[in-house]
Amino acid sequence: MVDATMRFFEDLDRRGFEPLLAKSAGTLRFDLHERARTVHWLLKVDRGRLQVSQEDREADTVVVTSPALFEDLAAGREHGLAAILRGDMTISGDAQLLIQVERLFPGHPEARGPRRRFGDREVG
Amino acid sequence: MAGKSNVRILDGSTFVVSEETGDIEATPIEPSGLFSLDTRFLSTWVLTVNGERLTPLSYDDLQYYEARFFLVPGMATHYVDAKVSIIRERAVGGSFREQLTILNHDEKPVDLEIRMEAAADFADLFEVKDEILNKKGESYTEVEPDRLRLGYRRGNFKRETVISSQEPARYDKRGFAYTVHLEPNERWDAQIDVQTFALGPGGRDLRMGLRAHGTERLALQQDLEEWLAAAPKVNTEHEELARTYRRSLVDLAALRFSPLSLGGATLPAAGLPWFMTMFGRDSIFTCLQTLPFTPELSKTTLRILAALQGTRFDDFRDEDPGRILHEMRYGESAAFEEQPHSPYYGSVDATPLFLVLLDEYEQWTGDIALAKELEPECRRALKWIDDYADLVGGTGYIWYERRNSDTGLENQCWKDSWDSISYRDGTLPPFPRATCEVQGYAYDAKVRAARLARECWGDPALADQLEREAAELKERFNRDWWVDDGGYYALALDPDGRQCDVLSSNVGHLLWSGIVDHDRAEKIAQHLVGPRLFSGWGVRTLAEGEVRYNPVGYHNGTIWPFENSFIAWGLRRYGFGEEAATIANGILDAATFFNGRLPEAFGGYQRELTKFPVEYPTACSPQAWSTGTPLLLLRTMLGLEPHEGHLAVAPCLPVGMGRIEVLDIPGRWGRVDAFARGRLNLHHAD
Numbered sequence: 001m002v003d004a005t006m007r008f009f010e011d012l013d014r015r016g017f018e019p020l021l022a023k024s025a026g027t028l029r030f031d032l033h034e035r036a037r038t039v040h041w042l043l044k045v046d047r048g049r050l051q052v053s054q055e056d057r058e059a060d061t062v063v064v065t066s067p068a069l070f071e072d073l074a075a076g077r078e079h080g081l082a083a084i085l086r087g088d089m090t091i092s093g094d095a096q097l098l099i100q101v102e103r104l105f106p107g108h109p110e111a112r113g114p115r116r117r118f119g120d121r122e123v124g
Numbered sequence: 125m126a127g128k129s130n131v132r133i134l135d136g137s138t139f140v141v142s143e144e145t146g147d148i149e150a151t152p153i154e155p156s157g158l159f160s161l162d163t164r165f166l167s168t169w170v171l172t173v174n175g176e177r178l179t180p181l182s183y184d185d186l187q188y189y190e191a192r193f194f195l196v197p198g199m200a201t202h203y204v205d206a207k208v209s210i211i212r213e214r215a216v217g218g219s220f221r222e223q224l225t226i227l228n229h230d231e232k233p234v235d236l237e238i239r240m241e242a243a244a245d246f247a248d249l250f251e252v253k254d255e256i257l258n259k260k261g262e263s264y265t266e267v268e269p270d271r272l273r274l275g276y277r278r279g280n281f282k283r284e285t286v287i288s289s290q291e292p293a294r295y296d297k298r299g300f301a302y303t304v305h306l307e308p309n310e311r312w313d314a315q316i317d318v319q320t321f322a323l324g325p326g327g328r329d330l331r332m333g334l335r336a337h338g339t340e341r342l343a344l345q346q347d348l349e350e351w352l353a354a355a356p357k358v359n360t361e362h363e364e365l366a367r368t369y370r371r372s373l374v375d376l377a378a379l380r381f382s383p384l385s386l387g388g389a390t391l392p393a394a395g396l397p398w399f400m401t402m403f404g405r406d407s408i409f410t411c412l413q414t415l416p417f418t419p420e421l422s423k424t425t426l427r428i429l430a431a432l433q434g435t436r437f438d439d440f441r442d443e444d445p446g447r448i449l450h451e452m453r454y455g456e457s458a459a460f461e462e463q464p465h466s467p468y469y470g471s472v473d474a475t476p477l478f479l480v481l482l483d484e485y486e487q488w489t490g491d492i493a494l495a496k497e498l499e500p501e502c503r504r505a506l507k508w509i510d511d512y513a514d515l516v517g518g519t520g521y522i523w524y525e526r527r528n529s530d531t532g533l534e535n536q537c538w539k540d541s542w543d544s545i546s547y548r549d550g551t552l553p554p555f556p557r558a559t560c561e562v563q564g565y566a567y568d569a570k571v572r573a574a575r576l577a578r579e580c581w582g583d584p585a586l587a588d589q590l591e592r593e594a595a596e597l598k599e600r601f602n603r604d605w606w607v608d609d610g611g612y613y614a615l616a617l618d619p620d621g622r623q624c625d626v627l628s629s630n631v632g633h634l635l636w637s638g639i640v641d642h643d644r645a646e647k648i649a650q651h652l653v654g655p656r657l658f659s660g661w662g663v664r665t666l667a668e669g670e671v672r673y674n675p676v677g678y679h680n681g682t683i684w685p686f687e688n689s690f691i692a693w694g695l696r697r698y699g700f701g702e703e704a705a706t707i708a709n710g711i712l713d714a715a716t717f718f719n720g721r722l723p724e725a726f727g728g729y730q731r732e733l734t735k736f737p738v739e740y741p742t743a744c745s746p747q748a749w750s751t752g753t754p755l756l757l758l759r760t761m762l763g764l765e766p767h768e769g770h771l772a773v774a775p776c777l778p779v780g781m782g783r784i785e786v787l788d789i790p791g792r793w794g795r796v797d798a799f800a801r802g803r804l805n806l807h808h809a810d
């Protein structure tokens with residue numbers, strides 16, 4: 001069930017450097033909360049350099065949501081900013097950092113992107 | 125907005141639209157209310173005294189954030205005998221506050237039952253013109269001893285209005301009341317506070333940590349005074365112009381808006397009442413207009429748009445990597461993805477215009493640090509133009525075709541209504557479409573990015589490449605878009621390369637962008653001030669004589685002040701100072717009919733026919749890019765241009781404008797003054 005979540009964080013950790021976060025710095029903790037159990041993911045951003053751990057440490061930004069919603073976000077089936085507006089994901093602390101990190105979530109798996117035409121042909 | 129609800133006060137994205145009594149009774153045709161975060165937090169707010177509605181004697185919009193209403197009980201026929209008068213004073217700024225004052229003018233004591241009916245339908249801004257019938261969530265009302273709580277809940281989405289009075293009141297499910305005894309000449313006051321909440325689980329407000337302008341009246345006043353003091357002074361014998369300038373500055377202050385989660389920095393929201401939010405296109409155009417006067421707005425706008433630049437493919441939001449957003453909304457329909465505005469990216473001009481604004485900003489301010497800071501976003505924007513916007517392979521133009529066919533925008537250019545793009549026979553072309561002005565912006569974006577690459581990013585190879593691409597684009601464009609039998613550029617191309625060969629205002633943007641071949645510029649200038657396009661007040665969106673021309677057609681004949689300001693700038697760029705002054709003069713004359721506050725659009729009727737500009741029925745006002753218009757016209761008439769590190773001044777001012785001095789123009793030169801005297805006799809103006 002939590003495959004996409006795990007893959008998302010492993011990928012960030014492996015990536016090491018993310019140009020989209022080159023201007024961001026701070027720590028962001030995701031609390032994936034379900035009944036009495038909370039799973040923590042701590043993302044440390046230092047001018048684009050990324051480090052992921054599962055520590056429950058104080059962070060500049062704390063994001064609380066359910067493991068199921070996070071799984072959908074990590075798979076691109078749900079959208080982070082809409083989830084915040086709905087109240088399904090809450091932020092405390094530095095919201096700007098989350099807005100920047102949110103851009104790392106993938107697009108929808110079925111997204112086609114712009115279609116380019118060459119004469120009568122259409123290519124994806 | 126038509127109808128009787130015409131008193132509006134606002135602060136950022138919070139605003140109140142009410143009747144002249146101060147009452148709010150929202151209906152689909154009177155979409156009044158207290159709005160915040162694209163949600164209506166009060167849909168009923170009606171004051172009665174002894175069961176009687178009140179009659180207005182007068183009202184004042186004291187400042188953009190406050191208004192005062194003088195009222196008496198009863199119907200208009202017998203108010204002359206009124207022994208009691210009522211004053212409602214209100215302000216927005218974070219929350220909404222209303223101060224009630226009642227004065228007894230009689231020689232006898234009076235007993236009064238004062239009641240406020242209050243209700244909230246929590247309509248999304250996208251619903252307010254419809255009957256609010258089938259809300260998907262549930263409403264609730266909680267009566268507490270010292271407050272009334274109106275709420276709406278849908279899953280974790282929760283919005284609440286909390287009403288409380290400092291003076292003890294009796295609260296019930298439909299409002300609150302006071303029983304008051306007043307001796308002769310006695311007065312009574314009550315202060316009512318209405319707070320709006322956007323709550324997530326655990327009671328956290330969505331806006332927590334957001335710095336508003338300040339919720340206190342004094343803080344708002346101080347903020348406005350500082351804003352006005354920081355802007356250049358305009359001294360002129362032309363009183364109307366002075367008034368228009370001041371009106372514009374105050375309205376710009378009102379339209380400043382802090383997007384959620386971005387640290388409280390402000391950018392211009394698009395306009396009241398439907399567009400109190402962030403729009404890529406509108407915000408950028410407004411910044412370009414206001415840059416010589418309020419450069420800080422440009423800095424925050426560029427940073428915020430950069431922070432929300434697209435990074436992935438999202439067909440619902442029409443998002444691509446590198447694309448600059450079109451519109452951000454915070455209401456229920458965006459939250460539940462019934463509308464795509466979280467944010468929506470369906471515009472093709474915001475991305476090239478982002479590059480144009482950054483270059484213009486750097487030329488004025490010398491803020492090379494920002495130009496460097498935004499280099500990665502600029503490179504992504506350039507890549508979007510080349511890789512994702514050319515939907516008809518090999519043409520090298522920017523095209524659009526929405527991928528969200530339910531709620532996305534069909535026309536992703538500034539003329540975004542459904543019927544704005546047509547052939548000469550009036551039929552609408554298939555998609556993808558490419559409109560001419562966007563190719564101009566793309567050309568300008570490449571030329572300007574080349575300058576940034578050479579002077580700020582230390583990448584002369586990129587600069588050479590961009591200049592080459594721009595030159596090729598210009599050549600191609602002048603070949604494919606020129607309408608031979610009309611002597612102008614086509615409005616658009618269809619996917620087969622066929623021209624939408626109507627004469628439109630869009631050709632004026634092309635001068636501003638510099639994509640017009642020099643030997644064709646004069647023809648374009650003649651069209652712009654010629655009888656088919658120019659009404660005497662301004663340039664029509666579509667020329668008289670075209671099949672779809674209609675003087676009150678939203679994008680098919682009305683006159684948009686914002687567009688005229690860019691057309692005037694473009695005319696000056698090509699050396700047509702007199703034609704530019706003709707347009708500037710017409711639009712500034714029109715402004716005097718609106719007390720210095722230009723509406724979004726007005727009718728394309730001939731000036732001699734109506735003698736006054738006919739406001740478009742549902743036009744928004746104040747609207748940011750109309751508010752910015754007089755500032756850009758001033759710049760254009762004075763010929764203010766940054767030039768090799770100093771400010772060049774080359775006035776081209778009509779005689780009727782008299783003497784104008786603009787003092788303390790900020791820029792890389794520090795602050796300098798500009799002076800001009802009206803010397804130009806216009807043929808075209810009245």
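Chains A and B are the protein sequences, given in the same order.
Counting from 1, one number per residue, gives the positions in the first sequence under the working numbering.
Counting from 125, one number per residue, gives the positions in the second sequence under the working numbering.
Beta carbons: idealized from backbone N, C-alpha and C, even for Gly.
Small disclaimer: the values here were computed from a predicted structure and weren't measured.
- Distance CB(residue 318/B)-CB(residue 436/B) smaller than 9 Å: Your numbering for residue 318/B matches position 194 in the second sequence. Your numbering for residue 436/B matches position 312 in the second sequence. At least 9 Å separates the beta-carbon of residue 318/B from that of residue 436/B.
- Quick one: which chain A residues come within Cβ less than 9 Å of residue 259/B? Within the second sequence, the letter at position 135 stands for residue 259/B. Correct list: empty, because the minimum Cβ distance to chain A is about 15 Å.
- Mind checking residue 433/B: buried by the 16 CB within 10 Å criterion, or exposed? What you label residue 433/B is simply residue 309 of the second sequence in a count that begins at 1. The residue in question, residue 433/B, is buried, as its Cβ has 16 or more Cβ neighbours within 10 Å.
- Message: For a contact defined as C-beta to C-beta under 8 Å, what are the partners of residue 66/A on chain B?
- Response: Start at 1 with the first residue of the first sequence, and residue 66/A comes out as number 66. Going along chain B, no residue has its Cβ under 8 Å from residue 66/A, so there is no contact; the nearest lies around 10 Å.
- Item | Between the CA atoms of residue 356/B and residue 785/B - distance to the nearest angstrom | Along the second sequence, read from residue 1 onward, the residue named residue 785/B stands at position 661. Along the second sequence, read from residue 1 onward, the residue named residue 356/B stands at position 232. Distance from the CA atom of residue 785/B to the CA atom of residue 356/B, rounded to whole angstroms, is 10 Å.
- Message: For a quick check, are the C-beta atoms of residue 649/B and residue 613/B less than 9 Å apart?
- Response: Position 525 of the second sequence holds residue 649/B. Position 489 of the second sequence holds residue 613/B. Taking 9 Å as the Cβ cut-off, residue 649/B and residue 613/B do not qualify as a contacting pair.
- Query: Can you give the Cα-Cα distance for residue 796/B and residue 758/B, rounded to whole angstroms?
  - Reply: Here the question's residue 796/B lines up with position 672 in the second sequence. Here the question's residue 758/B lines up with position 634 in the second sequence. In this model, residue 796/B and residue 758/B are separated by some 15 Å (Cα to Cα).
- Query: Anyone know if the C-beta pair for residue 686/B and residue 745/B falls short of 9 Å?
  - Reply: Numbered from 1 along the second sequence, position 562 holds the residue referred to as residue 686/B. Numbered from 1 along the second sequence, position 621 holds the residue referred to as residue 745/B. No, the Cβ-Cβ distance between residue 686/B and residue 745/B is not below 9 Å.
- Message: Which residues does DSSP list as the beta-bridge partners of residue 281/B?
- Response: As a first step, residue 281/B must be located in the second sequence, where it is residue number 157. DSSP lists 278/B as partners of residue 281/B.
- Kindly indicate if chain A contains any beta-carbon less than 9 Å away from that of residue 461/B. Here residue 461/B refers to the residue found at position 337 when the second sequence is read from its first residue. Nearest CB-CB separation between residue 461/B and chain A: below the 9 Å threshold.
- Partners in chain B for residue 86/A, counting only beta-carbon separations shorter than 7 Å: Sequence index remark: in the first sequence, residue 86/A carries index 86 (1-based). Within 7 Å Cβ-Cβ: 279, 280, 281, 459, 460.
- Query: Measuring CA to CA, which of 547/B, 711/B, 788/B is closest to residue 760/B?
  - Reply: Here residue 760/B refers to the residue found at position 636 of the second sequence. The shortest C-alpha separation from residue 760/B is found at 711/B.
- Which residues, in order along the region 548–575 of chain B, keep a beta-carbon less than 8 Å from a beta-carbon of chain A? Hits within the stretch, in order: 556.
- Message: So with CB distances below 7 Å, who are the chain A contacts of residue 403/B?
- Response: Here residue 403/B refers to the residue found at position 279 of the second sequence. Taking a Cβ-Cβ threshold of 7 Å, none of the residues of chain A is close to residue 403/B; the smallest such distance is about 16 Å.
- Task: Could you pull out every residue in the same chain whose Cβ sits closer than 7 Å to the Cβ of residue 46/A, ignoring the five residues on either side in sequence?
- Result: For this step, residue 46/A is matched to residue 46 along the first sequence. Cβ within range, chain order: 25.
- Taking the continuous beta strand (DSSP E) assigned at residue 27/A, which residues delimit it? Along the first sequence, one-based indexing puts residue 27/A at 27. DSSP places residue 27/A inside the beta strand (DSSP E), whose first and last residues are 25–34.
- Task: Please check if any C-beta of chain A sits within less than 9 Å of the C-beta of residue 137/B.
- Result: Taking the second sequence and counting its residues from 1, the one referred to as residue 137/B is at position 13. The C-beta of residue 137/B comes no closer than 9 Å to any C-beta of chain A.
- Query: Between residue 36/A and chain B, is there a C-beta pair that is closer than 9 Å?
  - Reply: Here residue 36/A is taken as the residue at index 36 of the first sequence, counted from 1. Any Cβ of chain B closer than 9 Å to the Cβ of residue 36/A would place that residue at the interface, and such an atom is absent.
- Task: Go to residue 766/B, then tell me how far its beta strand (DSSP E) extends in each direction, as first and last residue.
- Result: Sequence index remark: in the second sequence, residue 766/B carries index 642 (1-based). 765–767 is the span of the beta strand (DSSP E), which, as asked, contains residue 766/B.
- Task: Please check if any C-beta of chain B sits within less than 9 Å of the C-beta of residue 92/A.
- Result: The residue labelled residue 92/A in the question sits at position 92 within the first sequence. Yes, residue 92/A counts as interfacial toward chain B.
- Roughly how many whole angstroms lie between the Cα atoms of residue 803/B and residue 519/B? Position 679 of the second sequence, counted from the first residue, corresponds to residue 803/B. Position 395 of the second sequence, counted from the first residue, corresponds to residue 519/B. Between the C-alpha atoms of residue 803/B and residue 519/B there is a straight-line separation of about 46 Å.
- Task: Could you tell me how far apart the beta carbons of residue 135/A and residue 80/A are, in whole angstroms, since I believe they sit closer than 8 Å?
- Result: Residue coverage of chain A in this structure runs from 1 to 124, which leaves residue 135/A outside it and unanswerable.
- Task: Would you kindly work out how many angstroms separate the C-alpha atoms of residue 185/B and residue 176/B, rounded to a whole number?
- Result: Stepping through the second sequence from its first residue, residue 185/B is reached at position 61. Stepping through the second sequence from its first residue, residue 176/B is reached at position 52. Distance between the alpha carbons of residue 185/B and residue 176/B: 25 Å.
- Message: Going by DSSP, what residue range makes up the alpha helix (DSSP H) through residue 211/B?
- Response: Here the question's residue 211/B lines up with position 87 in the second sequence. Where residue 211/B is concerned, there is no enclosing alpha helix (DSSP H), although the beta strand (DSSP E) it sits in stretches over 208–217.
- Query: So, is the C-beta of residue 516/B closer than 9 Å to a C-beta in chain A?
  - Reply: Counting from 1 along the second sequence, the entry for residue 516/B is found at position 392. By this cut-off, residue 516/B is an interface position.
- Query: Mind listing which residues of the region 408–433 of chain B have their C-beta closer than 7 Å to chain A's C-betas, in chain order?
  - Reply: Of all residues in the region 408–433 of chain B, only 431 come within less than 7 Å of chain A when Cβ atoms are compared, listed by chain position.
- Burial state of residue 239/B (16 or more Cβ within 10 Å): As a position in the second sequence, residue 239/B is number 115, starting the count at 1. By the neighbour-count definition (other C-beta atoms within 10 Å, threshold 16), residue 239/B is a buried residue.
- Closer than 6 Å by C-beta to residue 256/B: which residues in its own chain qualify, once you throw out the five before and the five after it? Chain order, please. For this step, residue 256/B is matched to residue 132 along the second sequence. Closer than 6 Å at Cβ, skipping near neighbours: 245, 247.
- Message: Please classify residue 38/A as buried or exposed, where buried requires at least 16 neighbouring CB atoms within 10 angstroms.
- Response: Mapped onto the first sequence, residue 38/A falls at position 38. By the neighbour-count rule (16 or more Cβ atoms within 10 Å), residue 38/A is not buried but exposed.
- Task: Figure out for me which residue from 548/B, 460/B, 805/B, 618/B has the closest Cα to the Cα of residue 704/B.
- Result: The residue labelled residue 704/B in the question sits at position 580 within the second sequence. The shortest CA-to-CA distance from residue 704/B to any of 548/B, 460/B, 805/B, 618/B is the one to 805/B.
- What beta strand (DSSP E) runs, 3 residues minimum, are completely inside the region 357–387 of chain B? 357–360, all fully within the region 357–387 of chain B.
- C-beta neighbour in chain C for residue 185/B, strict 9 Å: Looking for chain C here will not work: the only protein chains present are A and B.
- Take every Cβ of the region 545–555 of chain B, pair it with every Cβ of the region 573–581 of chain B, and state whether three or more of those distances are shorter than 8 Å. No, they do not touch.
- Task: Determine the chain A residues that contact residue 710/B at a beta-carbon separation under 9 Å, and present them in chain order.
- Result: Taking the second sequence and counting its residues from 1, one reaches residue 710/B at position 586. Residue 710/B does not reach chain A, its nearest Cβ partner there being about 40 Å away, counting only Cβ pairs nearer than 9 Å.
- Which residues in the same chain as residue 490/B place their Cβ atom closer than 8 Å to its Cβ, once the five residues preceding and following it in sequence are excluded? Position 366 of the second sequence, counted from the first residue, corresponds to residue 490/B. Answer for residue 490/B: 769, 791, 792, listed in chain order.
- Message: At the level of alpha carbons, what is the spacing between residue 124/A and residue 775/B?
- Response: Against the first sequence, residue 124/A aligns to sequence position 124. Against the second sequence, residue 775/B aligns to sequence position 651. Caution applies to residue 124/A, whose pLDDT of 47 falls short of 50 and renders its modelled position unreliable; the value that the coordinates give is listed next. If I take the Cα positions, the gap works out to 52 Å.
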